[in-house]
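Input: a single structure, listed below in structure tokens.
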Amino acid sequence: MKQSNDFQSLNQKITMSDKEQERVQEHMNFRMNASPEVRKTSTPRKYYVALASAAMIFMLILIPAIINNPEKSSDSVVPADEIPPERLEEMLIHYNNYEILHIEEVDSGAVVFFTYHNRKEKNIEMVSAMFISKTKYGWEDPTEGGEHAIIDQTDISHEFISPINENSPFPLVFGKIISSEISEVLLRKVDTKQDIKTEKIVSKSGERYWFTFTDIKPDEMFEIHGLTRDGQIIYSIDTLFAFGNSPVLEEVNPEAANFELTAEELDVYQQLKTGFNQQLLLDLSPISIAKLFVQATNDEEWELQYELYTDREDVRRIDKEEYFREMVFPDKDVLFGIQDGTFHDDGDGYGHISYTNIYGQKWGFQMVQEKDGSWAVAFVPLQ
1255 MKQSNDFQSL
1265 NQKITMSDKE
1275 QERVQEHMNF
1285 RMNASPEVRK
1295 TSTPRKYYVA
1305 LASAAMIFML
1315 ILIPAIINNP
1325 EKSSDSVVPA
1335 DEIPPERLEE
1345 MLIHYNNYEI
1355 LHIEEVDSGA
1365 VVFFTYHNRK
1375 EKNIEMVSAM
1385 FISKTKYGWE
1395 DPTEGGEHAI
1405 IDQTDISHEF
1415 ISPINENSPF
1425 PLVFGKIISS
1435 EISEVLLRKV
1445 DTKQDIKTEK
1455 IVSKSGERYW
1465 FTFTDIKPDE
1475 MFEIHGLTRD
1485 GQIIYSIDTL
1495 FAFGNSPVLE
1505 EVNPEAANFE
1515 LTAEELDVYQ
1525 QLKTGFNQQL
1535 LLDLSPISIA
1545 KLFVQATNDE
1555 EWELQYELYT
1565 DREDVRRIDK
1575 EEYFREMVFP
1585 DKDVLFGIQD
1595 GTFHDDGDGY
1605 GHISYTNIYG
1615 QKWGFQMVQE
1625 KDGSWAVAFV
1635 PLQ
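When we follow the numbering used here, the leftmost residue of the sequence shown carries the number 1255, and every step to the right adds one.
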């Protein structure tokens, strides 16, 4: 069959000489190594129009949502499960030479157990517990807590913290195990004979402390026992919820009932009832001011009682509305005896009155020095 000129030409190419093949191969290699040519294509205008329309619709939906819900983004804030060390340090910055003993997680936050030393009397150890609430915004400043000084106790120290509202993790009873012979602390309800076990904390230096969250109620007397390793009770004390009035207790310190104001205190008290004047308190001692507080409690002068609390903003305070809604007022029998107490200046504008009430219970009544030099009652004063 006769081939066309084109096919004949192709055959000729296939049967190229060596020099021609070498030249073709070089040309092919050059084409393969060259960068590919990129051709720019323009986006059709209709796509730009669609994109702009979608952006406009999105903004029309988003802007009203931001305006109407300015704090919406805050809902996504989730605090850390543990208190950040720098936040805890910020809360404890005013405590001298503090040591964190234990952090107990509770439903709405954490209770921090710690010790610190009195700034004025360095050898006095203070044992403290404070509740720190956890919210969606983070860890709030402590609003509840209690503390006591280790001064002349030889066996066990103890402290009772009562709840101030339904969100509180308290009641809590805690303290320090001082005697080396005591291995365990046990609480026992007097009426029901129910035993309540306690948890033990050991500090870095080997000091021992104890605590228990319990459901002790007003008018419910309980005992605190110190046990040896073999379970023998070698220390016992009867105590009572600070705001109760149990008929079970017997008066072992009847002199405490001899409570009355001096002529000077009574004159100031009468003037304060007609209108509170801070200047009237400047010349009164801390014990005299505490007596005015007790008298106001006894007379149910609740407005005056609240005015006798501290106004300092750098210490724990309770808003008046919350105070009247949530607080349980101390029974007078628990407070009687404060007139024979001793005031201790703890330094840095803090102090407490140690006294023994009608039932022989030893209490500390916390005081705070105001900016004008007068003394005021600390919120939740009984320790």
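Think of the CB as a built atom: it goes at the ideal place given N, C-alpha and C, for glycine as much as any other residue.
Inset, instruction - Indicate the three-state DSSP secondary structure (helix, strand or coil) for Arg1570 in the structure shown. - result: Looking at Arg1570 - three-state DSSP - the assignment turns out to be coil, as it is neither helix nor strand.
Inset, instruction - Would you list the one or two residues that DSSP bridges to Lys1586? - result: Answer by DSSP bridge pairing: none, since Lys1586 is not bridged.
Inset, instruction - Tell me where the beta strand (DSSP E) around Tyr1609 begins and ends. - result: Run containing Tyr1609: Tyr1604 to Thr1610, per the beta strand (DSSP E) assignment.
Legend entry - Distance, Glu1358 Cα to Glu1379 Cα: So the alpha carbons of these two residues sit roughly 21 Å apart.
Legend entry - Other residues of its chain near Phe1513: CB distance less than 6 Å, five sequence neighbours each side excluded: Cβ within range, chain order: Phe1590 and Gln1593.
Legend entry - Sequence-distant residues of the same chain with beta carbon closer than 8 Å to Ile1541, five excluded per side: Around Ile1541: Ile1592, Gln1593, Gly1595, Phe1597 and Ile1607.
Inset, instruction - For Phe1367, count neighbouring C-beta atoms within 10 Å of its own C-beta (all shown protein chains included) and say buried if the count is 16 or more, exposed if not. - result: Under this definition Phe1367 is a buried residue.
Inset, instruction - Compute the beta-carbon to beta-carbon distance between Thr1468 and Pro1425, rounded to the nearest angstrom, for a pair I have assumed lies under 8 Å. - result: At roughly 6 Å, the Cβ-Cβ gap stays under 8 Å, so Thr1468 and Pro1425 are in contact.
Legend entry - Among Glu1438, Leu1536 and His1479, nearest to Lys1447 - alpha-carbon criterion: The residue with the shortest Cα to Cα distance from Lys1447 is His1479.
Inset, instruction - Go through the stretch 1350-1398 residue by residue and report every complete run of the beta strand (DSSP E) that reaches 3 residues or more, in order. - result: Listed in chain order, the beta strand (DSSP E) runs fully inside the stretch 1350-1398 are 1353-1360, 1363-1371 and 1379-1389, counting runs of at least 3 residues.
Legend entry - Three or more C-beta pairs below 8 Å linking the stretch 1429-1444 and the stretch 1402-1420: In short, these stretches touch, since the Cβ pair count reaches three.
Inset, instruction - Please report the Cβ distance between Ser1382 and Glu1401, rounded to the nearest whole angstrom; I am assuming they are in contact, meaning their Cβ atoms lie under 8 Å. - result: With a Cβ gap of about 4 Å, Ser1382 and Glu1401 count as contacting.
Legend entry - Where Ile1415 falls, given that 16 or more other Cβ within 10 Å makes a residue buried: Buried: at least 16 other Cβ atoms inside 10 Å.
Legend entry - Where the alpha helix (DSSP H) containing Ile1418 begins and where it ends: Following the DSSP letters along the chain, one finds Ile1418 in no alpha helix (DSSP H), marked with neither H nor E.
Inset, instruction - Using three-state DSSP, classify Gln1620 as helix, strand or coil. - result: DSSP, read as helix, strand or coil, puts Gln1620 in strand.
Legend entry - Bridge partners - Arg1483, DSSP secondary structure assignment: Note: Arg1483 sits in no beta bridge, so no partner.
Inset, instruction - Run the CB neighbour count on Gln1615, radius 10 Å, all protein chains shown included, and call it buried at 16 or more, exposed below. - result: Counting other Cβ atoms within 10 Å of its Cβ, Gln1615 reaches 16 or more and is therefore classed as buried.
Legend entry - Proximity of Val1622 and Leu1562 at Cβ, strictly below 7 Å: For Val1622 and Leu1562, no; Cβs fall outside 7 Å.
Inset, instruction - Can you give me the Cβ contacts of Trp1195 inside the same chain, cut-off strictly under 6 Å, excluding the 5 residues immediately before and after it? - result: As shown, the chain starts at 1255 and ends at 1637. That puts residue 1195 outside it, with no answer to give.
Inset, instruction - Taking Thr1466 as the reference, give the member of Val1365, Gly1392 and Tyr1609 with the closest Cα. - result: The option with the nearest alpha carbon to Thr1466 is Val1365.
Inset, instruction - Quickly, what does DSSP pair Gly1601 with across the bridge? List them, please. - result: Answer by DSSP bridge pairing, in chain order: Tyr1604.
Legend entry - Where the alpha helix (DSSP H) containing Pro1540 begins and where it ends: Pro1540 to Asn1552 is the span of the alpha helix (DSSP H), which, as asked, contains Pro1540.
Legend entry - Through-space distance from Gln1532 to Ile1455, alpha-carbon basis: In a straight line, the C-alpha of Ile1455 is about 43 Å away from that of Gln1532.
Inset, instruction - Could you check what DSSP says for Pro1635 in three-state terms: helix, strand or coil? - result: In this structure, Pro1635 counts as strand in the three-state DSSP scheme.
Legend entry - Per-residue burial, Pro1508 [other beta carbons within 10 Å of its own, 16 or more giving buried]: Counting the other Cβ atoms within 10 Å of the Cβ of Pro1508 gives fewer than 16, which makes it exposed.
Legend entry - Pairwise C-alpha distance: Lys1390 and Arg1341: In a straight line, the C-alpha of Arg1341 is about 15 Å away from that of Lys1390.
Legend entry - Nearest-angstrom Cα separation, counted from Ala1511 out to Val1522: In this model, Val1522 and Ala1511 are separated by some 22 Å (Cα to Cα).
Legend entry - For Lys1527, the three-state DSSP class (helix, strand or coil): Helix at Lys1527.
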